[in-house]
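S.K.:
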Amino acid sequence: SQTIHQWPATLVQPVGSPLSLECTVEGTSNPNLYWYRQAAGRGLQLLFYSVGIGQISSEVPQNLSASRPQDRQFILSSKKLLLSDSGFYLCAWSVQRTAATNEKLFFGSGTQLSVL
Amino acid sequence: SQQGEEDPQALSIQEGENATMNCSYKTSINNLQWYRQNSGRGLVHLILIRSNEREKHSGRLRVTLDTSKKSSSLLITASRAADTASYFCATDYRGSTLGRLYFGRGTQLTVWP
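Sequences listed follow chains P and V, in order.
Here the first sequence stands for residues 407 to 522, numbered as in my numbering.
Here the second sequence stands for residues 3 to 115, numbered as in my numbering.
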């Protein structure tokens, strides 16, 4: 069966420090991968998605970047964190779509990032 | 904004009662999905209903879709304390790009024992 691992679960970082969040998927090949951010009491904002190794699409301009060095590994990074980067970060995967629809997402357990 | 909107924002009921949450959206969809999120955890997919479907069931869950009203409802029957969570609808709009599910802000459901 497929599983998704995301770590760390919580992270407290000072402003201006770097960030690296990692997500790996097991049990499937060539998944679509996503990074979402959830502000308190809000819906989910899509940050990045990837359809393959080295292929990253950014949804919103921001202080963050993403990389996909391996098929089932997705990394969210920042060189210098801002206070506004605080939030709950979620990694997700879906099967490669064969039609023009978005099918269900499988989410990791999330990382609560606090930038102080 | 294209995101769906859930209603109510919060719902508090007793165990055994039914819980109904609603979602309204803006334009034509391919499908609409419901997710559940326990506090501080990731989202879990509950059910997907396609634009040509009107009703789907999964265990104690019943989802309806009314494309003429651009709305969907999630019914949880015989609720349990373990159903306490936030519930989100996510819309896949027709012509959307990959990964572009629009999530609402969710309904916080509290089920009291």
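Every residue gets a Cβ at the ideal spot worked out from N, C-alpha and C, and that includes glycine.
Mind checking P424 of chain P: buried by the 16 CB within 10 Å criterion, or exposed?
M.R.: Burial call: exposed.
S.K.: Can you pull the DSSP bridge partners for I459 of chain P?
M.R.: Bridge partners of I459 of chain P: none, in fact.
S.K.: Under 9 Å between beta-carbons, which chain V residues line up against L470 of chain P? List them in chain order, please.
M.R.: In chain order: nothing, as chain V lies at least about 16 Å away.
S.K.: Please confirm whether Q35 of chain V and K510 of chain P have their CB atoms less than 9 Å apart.
M.R.: Contact flag set, yes.
S.K.: Where I31 of chain V and I481 of chain P are concerned, what is the direct C-alpha to C-alpha distance, given to the nearest angstrom?
M.R.: When rounded, the distance between both Cα atoms is 31 Å.
S.K.: Helix, strand or coil for S490 of chain P per DSSP?
M.R.: DSSP places S490 of chain P in helix when its eight states are reduced to three.
S.K.: Tell me, please, which residues DSSP counts as bridged to R443 of chain P.
M.R.: Answer is P:Q451, P:Y495.
S.K.: So if I threshold CB-CB distances at 8 Å, which residues from the segment 508-520 of chain P count as touching chain V?
M.R.: Listed by position, the residues of the segment 508-520 of chain P near chain V (Cβ gap below 8 Å) are N508, E509, K510, L511, F512, F513, G514, S515, G516, Q518.
S.K.: Roughly how many angstroms lie between the CA atoms of R443 of chain P and T112 of chain V, to the nearest whole one?
M.R.: Spanning the two alpha carbons is a distance of roughly 24 Å.
S.K.: Can you tell me where the beta strand (DSSP E) holding N24 of chain V begins and where it ends?
M.R.: That run of the beta strand (DSSP E) goes 21-26.
S.K.: Return the bridge partner residues of Q58 of chain V from the DSSP annotation.
M.R.: In the sequence on display, residue 58 of chain V carries Lys and not Gln. Paired residue(s): V:V65.
S.K.: Going by beta carbon distance, what residues of the same chain come within less than 7 Å of G106 of chain V, once the five residues before and after it are set aside?
M.R.: Cβ within range, chain order: Q5, G6, E7, E8, C25, F90, C91.
S.K.: Is it buried or exposed, V521 of chain P, if we count other Cβ atoms within 10 angstroms and call 16 or more buried?
M.R.: So V521 of chain P ends up on the buried side.
S.K.: Can you tell me where the beta strand (DSSP E) holding A87 of chain V begins and where it ends?
M.R.: Run containing A87 of chain V: 87-95, per the beta strand (DSSP E) assignment.
S.K.: Does R503 of chain P get closer than 9 Å to chain V when you measure Cβ to Cβ?
M.R.: Yes, its Cβ sits closer than 9 Å to a Cβ of chain V.
S.K.: Cβ of H47 of chain V less than 9 Å from any chain P Cβ?
M.R.: True, the Cβ-Cβ gap to chain P drops below 9 Å.
S.K.: Ordered along the chain, which non-local residues of its own chain (more than five positions away) have a Cβ less than 7 Å from that of S515 of chain P?
M.R.: The residues are Q412, A415.
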